[in-house]
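Top to bottom, those sequences are chains A and B.
1 is the number of the first residue of the first sequence in our numbering; add one for each residue after it.
1 is the number of the first residue of the second sequence in our numbering; add one for each residue after it.
Worksheet: one structure, shown below.
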Amino acid sequence: GAGVSQTPSNKVTEKGKYVELRCDPISGHTALYWYRQSLGQGPEFLIYFQGTGAADDSGLPNDRFFAVRPEGSVSTLKIQRTERGDSAVYLCASSLMGGLGSPLHFGNGTRLTVT
Amino acid sequence: GENVEQHPSTLSVQEGDSAVIKCTYSDSASNYFPWYKQELGKGPQLIIDIRSNVGEKKDQRIAVTLNKTAKHFSLHITETQPEDSAVYFCAAKGGSTLGRLYFGRGTQLTVWP
Numbered sequence: 001g002a003g004v005s006q007t008p009s010n011k012v013t014e015k016g017k018y019v020e021l022r023c024d025p026i027s028g029h030t031a032l033y034w035y036r037q038s039l040g041q042g043p044e045f046l047i048y049f050q051g052t053g054a055a056d057d058s059g060l061p062n063d064r065f066f067a068v069r070p071e072g073s074v075s076t077l078k079i080q081r082t083e084r085g086d087s088a089v090y091l092c093a094s095s096l097m098g099g100l101g102s103p104l105h106f107g108n109g110t111r112l113t114v115t
Numbered sequence: 001g002e003n004v005e006q007h008p009s010t011l012s013v014q015e016g017d018s019a020v021i022k023c024t025y026s027d028s029a030s031n032y033f034p035w036y037k038q039e040l041g042k043g044p045q046l047i048i049d050i051r052s053n054v055g056e057k058k059d060q061r062i063a064v065t066l067n068k069t070a071k072h073f074s075l076h077i078t079e080t081q082p083e084d085s086a087v088y089f090c091a092a093k094g095g096s097t098l099g100r101l102y103f104g105r106g107t108q109l110t111v112w113p
């Protein structure tokens with residue numbers, strides 16, 4: 001079946017611009033996660049949605065980062081006033097439900113480059 | 001929060017040999033430990049996981065062991081093949097962190113034919 005889909009696969013933007021990254025989770029998965037992966041590092045947690053609400057947004061680095069999931073399916077990660085340090089691969093994952101019982105399934109990520 | 005350390009950062013083995021990757025964690029309340037394989041340009045793919053009430057789990061050539069007392073867990077790959085070459089990540093989920101996983105920094109495994 002279809003996995004987690006992320007668009008675009010690559011995004012190049014200028015410093016100071018606004019970007020939106022989209023995630024389509026596996027159908028029926030109620031939990032959705034955003035992670036950020038820098039070169040040579042493991043994924044770093046950003047935010048976790050259970051349904052439409054953000055259950056844990058403690059990983060968002062500052063108020064330039066925001067994410068929504070208005071209908072409990074597709075999610076958008078929004079970054080305002082981008083900085084060169086925001087350059088990374090942004091990974092989305094979904095699971096059937098939150099908590100211990102459901103493994104995370106990752107998409108292939110969006111590679112964001114801020115010039 | 002949780003701190004996961006992973007060793008080694010790189011590992012080269014001959015085809016057919018075994019490979020072992022080790023991780024330690026800091027939060028004694030952590031209760032779920034998945035391992036992911038990541039190929040170039042792809043997202044991490046779950047290969048095996050273990051819960052804190054189990055000491056060992058095996059799936060064909062892959063096994064994971066967990067020592068809760070020492071707070072470390074290991075991935076064992078036997079009869080390695082060139083297609084096992086990838087970056088492997090361990091992760092831990094704390095008891096109080098809902099869906100959040102903490103990842104190690106990864107191990108680049110290279111299997112030479």
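Just so it is clear, CB atoms sit at the ideal spot from N, CA and C, and this is done for glycine as well.
Around the C-beta of Ser93 (chain B), are 16 or more other C-beta atoms found within 10 angstroms, so that it is buried, or is it exposed? Start at 1 with the first residue of the second sequence, and residue 93 (chain B) comes out as number 93. It should be noted that the sequence gives Lys, not Ser, for residue 93 (chain B). Classification of Lys93 (chain B): buried, given that the 10 Å Cβ count is 16 or more.
At a CB distance below 7 angstroms, what residues from the region 31-55 of chain A approach chain B? Give them in sequence order. Answer in chain order: Ala31, Tyr33, Gln41, Gly42, Pro43, Phe45, Tyr48 and Ala55.
Looking at the C-beta of Phe89 (chain B), does it have a partner C-beta in chain A at a distance below 8 angstroms? As a first step, residue 89 (chain B) is located in the second sequence; it is residue number 89 there, counting from the start. It does; some Cβ of chain A falls within 8 angstroms.
Report back the beta-carbon spacing between Ala86 (chain B) and Leu101 (chain B) to the nearest angstrom; my notes put them in contact at under 8 angstroms. Taking the first residue of the second sequence as 1, we reach residue 86 (chain B) at position 86. Taking the first residue of the second sequence as 1, we reach residue 101 (chain B) at position 101. Not confirmed; about 18 angstroms, so no contact.
If I measure Cβ to Cβ from His76 (chain B) and keep anything under 6 angstroms in the same chain, skipping five residues before and after, which residues do I get? Walking along the second sequence from the start, residue 76 (chain B) turns up at place 76. Excluding its 5 nearest sequence neighbours in each direction, His76 (chain B) has C-beta neighbours in its own chain below 6 angstroms: Val20 and Ala63, listed in chain order.
Listed from N- to C-terminal order along the chain, which residues in the region 31-62 of chain B have their beta-carbon within a distance smaller than 8 angstroms of any beta-carbon of chain A? So the list reads Asn31, Tyr32, Pro34, Tyr36, Gly41, Lys42, Gly43, Pro44, Gln45, Leu46, Asp49 and Arg51, given in the order they occur along the chain.
Per DSSP, which residues does Ser74 (chain B) bridge with? Please list them. For the purposes of this step, residue 74 (chain B) is taken as residue 74 along the second sequence, with counting starting at 1. Ser74 (chain B) pairs with B:Lys22 and B:Thr65.
Proximal residues to Ile50 (chain B) (C-beta, below 6 angstroms), its chain only, five neighbours per side dropped: Locating residue 50 (chain B) in the second sequence gives position 50, counting from the first residue. Excluding sequence neighbours, Ile50 (chain B) sits near Phe33, Lys57, Val64 and Leu66.
Below 8 angstroms on the Cβ atoms is my guess for Arg69 (chain A) versus Thr52 (chain A); work out the distance and round it to an integer in Å. Here residue 69 (chain A) refers to the residue found at position 69 of the first sequence. Here residue 52 (chain A) refers to the residue found at position 52 of the first sequence. Indeed, because the Cβ distance is near 6 angstroms, the residues count as touching under 8 angstroms.
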